[in-house]
Amino acid sequence: MHDLPEFQLGDSYRTLAKAVLAQTKQQLMVKTYQRGDVLLQQGHQQQYGYLVLDGVLAAFYSSDDGEEKCKEFYFKDEFALLFGNWLTSTPALYQIKVIRSARLIAIPLTRLEQADWGDLKQQLITQQLLFKEAKEAFLLLNTPEQRYRYLLAQKPHWLALLTLTEVAMYIGISSISLSRIRKRLNLS
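Structure follows, in structure tokens:
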């Protein structure tokens with residue numbers, strides 16, 4: 306397993322989440338969403354980013370033949386936002402959906418364009434770049450078994466919140482391949 310000392314895979318938004326909460330100055334409401342609620346439809350214009358206080362969200366791509374691929378999961382203290390679509394003002398390539406009931410703060414993207422949010426916007430973009438670099442290294446430099454072992458060792462709280470099918474999607478393998486890995490590790 307390649308170490309990721311410089312870049313953390315997830316859970317690195319905690320400090321930034323506190324800054325986002327402070328910036329909202331309690332002006333934005335906390336709302337609870339249920340499993341299956343769609344926050345952003347694929348192909349629609351994104352209007353909000355979501356700060357996850359509790360629960361799990363996911364960004365999925367649905368193909369014309371009904372196949373679903375997972376781009377990302379968003380856990381507590383993470384900011385769910387399709388950065389590429391936001392920065393280019395293009396329709397969403399993915400759907401953002403609630404996977405486990407969630408308490409969220411919906412932050413209008415127009416707020417992030419305001420001058421008093423400039424520093425926070427820069428921090429969000431920087432954090433996202435670091436996260437994407439870490440995920441790219443995670444997926445490209447490790448075998449599927451190494452990826453799963455990493456999650457077992459470093460992200461057991463993620464595994465507790467996701468189904469095995471969702472875990473397989475995240476590490477880029479089929480459910481059958483994950484089942485084989487789990488069998489080799491005596492986990493099934």
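The sequence shown begins at 306 in our numbering and counts up by one. For every residue, glycine included, the Cβ atom is placed at its ideal position computed from N, Cα and C.
Item, Value
"Within the same chain, show all residues whose beta-carbon is closer than 6 Å to that of L492, passing over the 5 residues directly before and after it, in chain order.", "none"
"Would you decide whether I300 is buried or exposed? Buried here means 16 or more other CB atoms lie within 10 Å of its CB.", "The requested residue 300 does not occur in the structure, where the chain is confined to residues 306 to 493."
"Within the chosen definition, does the region 408-426 reach the region 318-332 through at least 3 CB pairs nearer than 8 Å?", "yes"
"Within the region 342-384, note down every full beta strand (DSSP E) run reaching 3 residues or more, in order along the chain.", "343-345, 353-367, 373-379"
"In whole angstroms, what is the alpha-carbon distance linking L345 and K488?", "37 Å"
"Could you have a look at R416 and say whether DSSP puts it in helix, strand or coil?", "helix"
"Measuring straight from C-alpha to C-alpha, what distance separates L358 and F378?", "14 Å"
"Excluding sequence positions up to five away, which residues of its chain have a Cβ less than 7 Å from the Cβ of R319?", "D382"
"Whose C-beta lies closer than 6 Å to the C-beta of A364 among residues of the same chain, with five residues either side of it excluded?", "K376, E377, Y399, I401"
"Going straight from the alpha carbon of L337 to that of E441, what length do you get?", "The question names Leu, but residue 337 is Thr in the sequence shown. Approximately 32 Å between the Cα atoms of the pair."
"Leaving aside the five residues before and after E471 along the sequence, list all residues of the same chain whose C-beta is less than 6 Å from its C-beta, in chain order.", "none"
"Excluding the 5 residues preceding and the 5 following V343 in the sequence, name in chain order all residues of the same chain whose CB lies nearer than 7 Å to its CB.", "Q400, K402"
"Can you tell which of D370, A324, R405, I476 has the C-alpha that lies nearest to the C-alpha of L444?", "I476"
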